[in-house]
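Read through the structure below, which is laid out as C-alpha cells, and then see the notes.
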Amino acid sequence: MSVLPIIILLPLILGTFLVLWLKQFSRGVTALGAIGVSLSSFGLLLTQAKAVFNGAAVSETWAWLPQLGIDFSFRLDALGLIFALLITGIGTLIYIYAYYYLNPKNSLSKLYFLLMLFMAAMLGISLSNNLLILLTFWELTSISSFLLVGYWNNYDAAQRGSRMALTITGLGGLAMLGGFILLGQITGTYQIDQILTMRETIQSSPLFIPTLLLVLLGAFTKSAQFPFHFWLPNAMAAPTPVSAYLHSATMVKAGIFLLARLLPIFVGSALYHNLVTTIGLLTLCMAAFFAIFKEDLKGLLAYSTISHLGLIVALLGIGSPLAVAAAIFHIINHATFKAALFMIAGIIDHETGTRDLRKLSGIWQLLPFTATLAMITAAGMAGVPLTNGFLSKEMFFTELLENLSGGVAVTAAIVATLAGLFAVAYSARLIHGVFFDGDIGRDVPKKDAHEPHIGMRAPAILLATLTIAVGILPALLVEQIVNAGTRASTQLATFEGTHLALWHGFNLPLLMSAIALIGGLIFYFALAKGGKIRDIDLDPMLGAFQGKLLFEQFLKQLLLNSRKFKRATETGSLQNYLLWIVIFTVAVVALPFIGQGITTGTRELTHAPLLAIVLWLLLFSACWMMLWFHHERIKAVLISGAVGLVVTMVFVSLSAPDLALTQITVDVVTTVLLLMSLALLPQLTPYESSRTRRWRDAVIAIVGGLGIGWIAWLILTRDHNSISWFFMQQSLPLGGGSNVVNVILVDFRGFDTFGEITVLGIAAIGALCLMDGMRAHGTIITQGLTYRFNPSPLMFRMTASWVLPIALVVSLYIFLRGHNLPGGGFIAGLITSMALVIQYIALGQDQAEKLLRAKSGRLYEIWIGIGLMIAGLTGIAAWLWGRPFLTSAHIYIHPALLGKMHLASAAAFDLGVYITVVGATMLMISVLGDSRNTSITGPVPKG
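Next up, the structure:
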C-alpha cells in the first residue's frame, strides 16, 4: 500500500481510537499516544520530502465508482506536502501544548479525538486527487471544527459560535459541490491532475462563470473572506489549542489551499483576477482595522488572521508566479507566528485568569519570558525587519506594484499600506497594552501569575525561533520549499524561482513598509494616550450592518417563517398529509405528460390466464375490505397481511421465488410490528369530519389510482429492451452463483444493498431514540402488553422451544443455498427474527431477553454494528487485490471427504446482511414491547 493513505489513516483510525483507549491509563499516556501518531504522519511525509521538493509527485488510486468518476485517488506534490507538513508539524506542537493547557477536570482524550479527526480531514484535503473525495474531507473539516468549537458544551457562546461556523462553511461547501459538479461536466473527469491541464476547455465553456463563482464561494466562506468573515471571531469560544490550530494550519487555510490548487484553471480570467484580488484587499484592510479595537485578546488575533488571509487571497488573485511564491511564503510564515501567538494568548489567560485587554496591563514583570516570545512573534505579524513576516510583506507590496497599473495600482498600494499600518497598530497594542501599559497586574484576577511549565512554552519557543531564523536566513531554510510549492501550484515547471533575501535595496516596497511601521506606531500611541482606545467601540457605529447581527436576523426570520409554514401544514391529521403527498405526486408525474399525446403502445396484447384473474379478484377483494374496515385498526392490519399474501402468490405464479420468500417473511414481521404498535394506540381511527371530505378523499384516491394504472398500461403495451440477458449470462462466471437475483443483490448491485441495510439499521436505532421515554395513553387493547411479563400457556411454550432450533436450521439452509437457489441472508434473517418473536410471545419479553442476554435491546444494537462492519469489510477487502469496492471473488476447493465445494466472498457480505436484518428487526420489536416506553394509565381516547 502507498504511504499516502497511511498518512491520513494514522490520525483518522489509529489516532482517534488510540486516544480513547489510552484515557483509561493517564493523561500523560494519552498525550504521548496523540503526539506519537502525529509525529508518525509527519515522519512519513518527510520520507517523501526530498523527491517531492525536487519536482516529483507521488500518486495512488483505488477504483471505487469509476463509472461516476469517483475514485480514492491521492497525490502528493510540493504544494500538498507544504500544507501536510504544516498540518502535522503544528498539530504535534498543539498536542504538546494542549496537555499543559487543559484543566485535568476536562476530557483531554475528547479534545485529542476531535483534533485527530480534524487533522485527518485537513490531510485528506491536502492529498486528495479527486474533487469529490476532496469535498468529503472538506465537509469533515466543517463537522470536526463544529465539534471542536463547541467543545465546552455548557458554554452558550461556544454553542452559538460552532453553529455559526458550521452554517457558513456548510453552505459554502454546498456551493462548492455545485462548482465541482460543473467542473466534472465540463472536463469529463473529477481527477484534479487531469483537470489542471484543461484551462482552455474550462474557460471557453459557458458554464465557466457559474463554476468559478461557486468554487470561490466555498473558498471564501472557509477562509473567512469578506463578507463571510464574521464566523471566525465568533469561533473564539473554542479552547485555545483549537484556536491556535484552526488559525495557523487547518480550517481557514483550506480555502487558501483550494485557490492555490485550482489556480491553473482560473488564471487568465479577468473575472477571477479582479474579484479575488478585490475581495482579498478589502478583507486585508477591513479586518486589520477592526483588530485594533478588539478587547478580547483572542478576538484581536482572530481579526488579524482574517487580515492575513486576505493578503494571501489577494496574492493568489494576482496569480503571477512570483505572487504565488509570495502567497506560499506567507502561508508558512503566518502558520509559525500565529500558532505561537495563540499559544501565548492561552498562557496569559491560563496564568492571569483573563484575556480581556481592559484588565491586562503591565504584566511584563509577571511573565517576562512569555512577553519576550510575544514580542518576537508579534513583530513577525506586524512585518518588522529581521522577521519572516517582513519578507513576505515586502514581496506582497512588490507584486502589487508590478502586476497592477494606473489608478488600480495606486489604490491597491494605499489599501495595502493602510493595512500594514493597522497591523503594526494592533501588534503594538498586543505588546504594549498587555505587558507595559499601566501598573503591574493592576486589574489582573490572579495576582500571583507566573511563568507556566516549560512544556507549555516549548512549542511557542520553537515557533518564535523559526520566526527569526526564517527572517534572517530565508534562502537557506525555505527558498527551495517555496519555489517547489510555486511550481506545483502554477503547474509551471519552467518557473526559475524567486530568491529570498533579507535586503533588496531602497525601493518603493521598502518605503511602504517604513510608512506602515512608523505610521502604525504613531497611530496606536495616539489612540492609547489617556486610554482612549479602550473607550472606542465599533459595534454601535456599525449598527445593524454587523455580519453577526445580519446572520442572526436571517436565522430568526428563517425560523419564524418555518414555524408559520409548520403551523399551516402540520395539522396532526395523517389524512391531510396523505392528501398533499398524493396530490403532489400526481401533479409531478402528470406534468411531463401534458401535451405529449401519449397513447397505448403497439405491443401485441395477450389474454389474461385464469390464475391471473383469480389473483386479481383476490387482491381487489382484499383492498376493498381494507377500504371498508380501515377505521378498525386491528382488522386493517390483518387485511394488509392478506394483501401481502396475495402479492406473494403473484410472485410465485410469475416464477419469482426469491421475491415470494422475501414478501411473505417481510409481511409476517411487518404485521407483528404493526400489531405491537397498535398496543400504544386507540382501537379505532377517527372518522372523517364530513361527507364532503370523504368525497374529496375518494376523488383524489381514484385519480391517483387511475394515474398509476394508466402509466403501468403505457409501459406494458410498449416493447422494451430488457437487460436481464446480461445478468443471466454473467451471473455464474462473474458472480459465482446461479441465483441471478441473489447475485445481483450481493455482487452486481452490492453497494445498493449495503446502503439499504445501513438505512435499515439507522431506522431501528431511530425507533429506539424516538420511543425512549415515550408515554402513551393506554387503551383496552394495551392489556396485550402483558406479554412482556406473563408467559404463554405451557403447550405453546413447549412448542416454541422446538421452533427456534428448527427455524435456525432452516435459516442456515436458506442462507447457504441463497447464492445458487432461492434464499439468501435477507430472507434467512427474517426467518430467524420470526422464530425469536415466537420466543418473545411464548416466554414473555423479559424472560426471552434474559435468555438472549439482550437487556434493553443493547445486544441488537451490537448485532447491527457487527453486520454492517462485516459487510463493509467485505467490500474493503477487494481493495487489497486492486479491485473496486465490493467486488466479489469465488473459487472451487476440493476438501477430503466433502468433494468439490464452491466458496464466494459474497457469502461474507450476505452474512453481514443476515446479522443486520436480525438485529434491526429485533431491536424494533424489543423497543415496541418495552414497558418503560409505555404507560397503561390514563383515560381511553374517544374514537
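First residue of the sequence shown? That's 1045 in our numbering, and the numbers climb one at a time after it. Backbone N, C-alpha and C fix where the C-beta goes; we use that ideal spot for every residue, glycine too.
How big is the Cα-Cα spacing for residue 1333 and residue 1349? The residue you call residue 1333 lines up with position 289 of the sequence shown. The residue you call residue 1349 lines up with position 305 of the sequence shown. Computed Cα separation, rounded: 12 Å.
Around the C-beta of residue 1969, are 16 or more other C-beta atoms found within 10 angstroms, so that it is buried, or is it exposed? Start at 1 with the first residue of the sequence shown, and residue 1969 comes out as number 925. Burial call: buried.
Just to confirm before moving on: does the CB-CB distance between residue 1384 and residue 1502 stay below 8 Å? Walking along the sequence shown from the start, residue 1384 turns up at place 340. Walking along the sequence shown from the start, residue 1502 turns up at place 458. No, Cβ-Cβ distance for residue 1384 and residue 1502 is not below 8 Å.
Within this structure, are the beta carbons of residue 1542 and residue 1359 separated by less than 8 Å? As a working mapping, residue 1542 is identified with position 498 in the sequence shown. As a working mapping, residue 1359 is identified with position 315 in the sequence shown. In this structure, residue 1359 does not lie closer than 8 Å to residue 1542 by Cβ.
Rounding to the nearest angstrom, what Cα-Cα distance links residue 1422 and residue 1276 in this structure? Residue 1422 sits at position 378 when you count from the first residue of the sequence shown. Residue 1276 sits at position 232 when you count from the first residue of the sequence shown. So the alpha carbons of these two residues sit roughly 20 Å apart.
Assigned secondary structure, residue 1649 (DSSP; H/G/I helix, E/B strand, else coil): For the purposes of this step, residue 1649 is taken as residue 605 along the sequence shown, with counting starting at 1. Coil at residue 1649, not helix or strand.
Runs of alpha helix (DSSP H) wholly within the stretch 1252 to 1300 (minimum 4 residues, chain order): 1252 to 1266 and 1284 to 1292
Answer with buried or exposed for residue 1200, where buried requires no fewer than 16 other C-beta atoms within 10 angstroms of its C-beta. On the sequence shown, position 156 is the one that residue 1200 refers to. When all chains shown are included, residue 1200 counts as exposed.
Checking 8 Å against the spacing of the C-beta atoms, do residue 1374 and residue 1292 come in under that value? Position 330 of the sequence shown, counted from the first residue, corresponds to residue 1374. Position 248 of the sequence shown, counted from the first residue, corresponds to residue 1292. Result no, Cβ atoms of residue 1374 and residue 1292 do not sit closer than 8 Å.
Whole alpha helix (DSSP H) runs in the stretch 1847 to 1914 with 4 or more residues, listed along the chain? 1869 to 1887 and 1889 to 1896
I'd like the span of the beta strand (DSSP E) that includes residue 1936, first residue to last. Your numbering for residue 1936 matches position 892 in the sequence shown. Residue 1936 -> beta strand (DSSP E) spans 1934 to 1937.
Can you name, in chain order, every residue of its own chain whose Cβ lies under 6 Å from the Cβ of residue 1283, other than the five neighbours on each side? The sequence position of residue 1283 within the sequence shown is 239, counting from 1. These residues qualify, in order along the chain: 1195.
Where in the stretch 1611 to 1648 do unbroken runs of the alpha helix (DSSP H), each at least 4 residues long, occur, reported from the N-terminal end onward? 1618 to 1634
Skipping 5 residues on each side, what residues in its chain have a beta carbon closer than 8 Å to that of residue 1047? Within the sequence shown, the letter at position 3 stands for residue 1047. Once the five neighbours on either side are set aside, the close Cβ partners of residue 1047 are 1088, 1091, 1092 and 1102.
Work out the CA separation of residue 1160 and residue 1055 for me, nearest whole Å. In the sequence shown, residue 1055 corresponds to position 11, counting from 1. In the sequence shown, residue 1160 corresponds to position 116, counting from 1. The alpha-carbon atoms of residue 1055 and residue 1160 are separated by roughly 5 Å.
Name the two residues that bound the continuous alpha helix (DSSP H) containing residue 1117. The residue labelled residue 1117 in the question sits at position 73 within the sequence shown. First-last for residue 1117: 1114 to 1120, but that is the beta strand (DSSP E), not the alpha helix (DSSP H).
Using only the alpha-carbon positions, how far apart do residue 1787 and residue 1644 sit? Here residue 1787 refers to the residue found at position 743 when the sequence shown is read from its first residue. Here residue 1644 refers to the residue found at position 600 when the sequence shown is read from its first residue. Each residue's alpha carbon lies about 35 Å from the other.
Using the beta-carbon count (16 or more within 10 Å), is residue 1791 buried or exposed? Translated into positions along the sequence shown, residue 1791 becomes position 747. Per the 10 Å Cβ criterion, buried.
Span separating the alpha-carbon of residue 1127 from that of residue 1081: For the purposes of this step, residue 1127 is taken as residue 83 along the sequence shown, with counting starting at 1. For the purposes of this step, residue 1081 is taken as residue 37 along the sequence shown, with counting starting at 1. Approximately 18 Å, taken between the alpha carbons.
Delimiting residues of the alpha helix (DSSP H) encompassing residue 1089: Numbered from 1 along the sequence shown, position 45 holds the residue referred to as residue 1089. 1071 to 1097 is the extent of the alpha helix (DSSP H) around residue 1089.
Helix, strand or coil: how does DSSP classify residue 1339 here? Residue mapping note: residue 1339 aligns to position 295 of the sequence shown, counting from 1. Residue state, collapsed to three classes: coil.
Taking Cβ positions, are residue 1467 and residue 1439 nearer each other than 8 Å? Residue mapping note: residue 1467 aligns to position 423 of the sequence shown, counting from 1. Residue mapping note: residue 1439 aligns to position 395 of the sequence shown, counting from 1. Contact: no.
Along the beta strand (DSSP E) that carries residue 1715, what are the first and last residues, could you check? By one-based count along the sequence shown, residue 1715 stands at place 671. It is not in any beta strand (DSSP E) - residue 1715 instead sits in the alpha helix (DSSP H) that spans 1701 to 1722.
Cβ-based neighbour list, residue 1105, same chain, cut-off 6 Å, excluding 5 preceding and 5 following: Along the sequence shown, one-based indexing puts residue 1105 at 61. Same-chain partners within the cutoff: 1115 and 1117.
Three CB pairs or more closer than 8 Å across the stretch 1790 to 1805 and the stretch 1902 to 1916: yes
Proximal residues to residue 1535 (C-beta, below 6 Å), its chain only, five neighbours per side dropped: Within the sequence shown, residue 1535 is the residue found at index 491, counting from 1. Answer for residue 1535: 1240 and 1308, listed in chain order.
Taking the CB atoms as reference points, tell me whether residue 1259 and residue 1306 lie closer together than 8 Å. Taking the sequence shown and counting its residues from 1, one reaches residue 1259 at position 215. Taking the sequence shown and counting its residues from 1, one reaches residue 1306 at position 262. Their beta carbons are under 8 Å apart, which means residue 1259 touches residue 1306 by this criterion.
Do three or more CB pairs link the stretch 1864 to 1876 to the stretch 1955 to 1964 at distances below 8 Å? yes
Please report the straight-line C-alpha distance between residue 1354 and residue 1229, rounded to a whole angstrom. Locating residue 1354 in the sequence shown gives position 310, where the first residue counts as 1. Locating residue 1229 in the sequence shown gives position 185, where the first residue counts as 1. For residue 1354 and residue 1229, the distance between alpha carbons rounds to 31 Å.
Which residues share a DSSP beta bridge with residue 1106? Walking along the sequence shown from the start, residue 1106 turns up at place 62. In DSSP, residue 1106 forms a bridge with 1116.
Between the C-alpha atoms of residue 1652 and residue 1232, what's the straight-line distance to the nearest angstrom? On the sequence shown, position 608 is the one that residue 1652 refers to. On the sequence shown, position 188 is the one that residue 1232 refers to. Approximately 48 Å, taken between the alpha carbons.
Cα separation between residue 1517 and residue 1252? Numbered from 1 along the sequence shown, position 473 holds the residue referred to as residue 1517. Numbered from 1 along the sequence shown, position 208 holds the residue referred to as residue 1252. Taking the straight line from one Cα to the other gives about 43 Å.
Tell me which same chain residues have a C-beta within less than 6 Å of the C-beta of residue 1390, skipping the five on either side of it? Along the sequence shown, read from residue 1 onward, the residue named residue 1390 stands at position 346. So the list reads 1145 and 1284, once near-sequence residues are dropped.
Note down, one range per segment and in chain order, each alpha helix (DSSP H) of at least 4 residues found wholly within the stretch 1769 to 1806. 1784 to 1787
Count the other CB atoms within 10 Å of the CB of residue 1600; is the residue buried (16 or more) or exposed (fewer)? For the purposes of this step, residue 1600 is identified with residue 556 of the sequence shown, where counting begins at 1. With fewer than 16 other Cβ atoms within 10 Å, it is exposed.
Out of 1845, 1806 and 1716, state which residue places its alpha-carbon closest to the alpha-carbon of residue 1874. Here the question's residue 1874 lines up with position 830 in the sequence shown. Answer by Cα proximity: 1716.
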